[in-house]
Amino acid sequence: MKSHQTAQTMKPATAAKKLSVHLPATPAEFQEGVVSRAELNELQADPPEWLRDLRRDGPHPRPVVAAKLGVSISGLARGGVTEALTTEQIEALKQEQPEWLEKERATQAEVRKETARLKQRDAERAEQDTE
Numbered sequence: 857m858k859s860h861q862t863a864q865t866m867k868p869a870t871a872a873k874k875l876s877v878h879l880p881a882t883p884a885e886f887q888e889g890v891v892s893r894a895e896l897n898e899l900q901a902d903p904p905e906w907l908r909d910l911r912r913d914g915p916h917p918r919p920v921v922a923a924k925l926g927v928s929i930s931g932l933a934r935g936g937v938t939e940a941l942t943t944e945q946i947e948a949l950k951q952e953q954p955e956w957l958e959k960e961r962a963t964q965a966e967v968r969k970e971t972a973r974l975k976q977r978d979a980e981r982a983e984q985d986t987e
């Protein structure tokens, strides 16, 4: 006996997150509907003009802003950045190099270095355990 499978759908907020775009900047029909897995795959494989524009110019959601600035999302909040930013605003911040951005980039670099050290340590321990 086979069960009838329905198409998996998601809320627009979930789809926007998966597409790495800021939901309020998307077209009204995207915000008001539901998105099927097939539609999401199609948007990722062949993005329409509005999606290409959003990805290029923004406004970008905080995870994208943080990645483009080389800081954590928490670092953005500590720096007072709580809203979505456009690519132009991100580039302006990079040019200005405010003190908070330099500090958060240094913090992020330390976190990455420590993560790499722990990964190396764990790999060495795993290697020793197999000997």
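The number in the working numbering is simply the position in the sequence shown, starting from 1, with 856 added.
Note that beta-carbon positions come from the ideal geometry of N, C-alpha and C, so glycine has one too.
Treat the numbers as computed from the prediction; the structure is a model and nothing was measured.
Under the 10 Å beta carbon count, LEU974 is surrounded by fewer than 16 other beta carbons and is classified as exposed. Under DSSP, no beta-bridge partner is assigned to SER876. Residue environment analysis places ALA901 among the exposed positions, since fewer than 16 neighbouring C-beta atoms fall within 10 angstroms of its C-beta. Distance from the CA of LEU910 to the CA of ALA962, rounded to the nearest whole angstrom, comes to 29 Å. Rounded to whole angstroms, the gap between the alpha carbons of VAL877 and TRP956 is 25 Å.
Among the bridge pairs identified by DSSP, THR865 is matched with SER892. With a threshold of 16 other beta carbon atoms within 10 Å, VAL937 meets it and is buried.
By the neighbour-count definition (other C-beta atoms within 10 Å, threshold 16), ALA881 is a buried residue.
Between GLN864 and the set ARG968, ASP913 and ASN897, the nearest pair of CA atoms involves ASN897.
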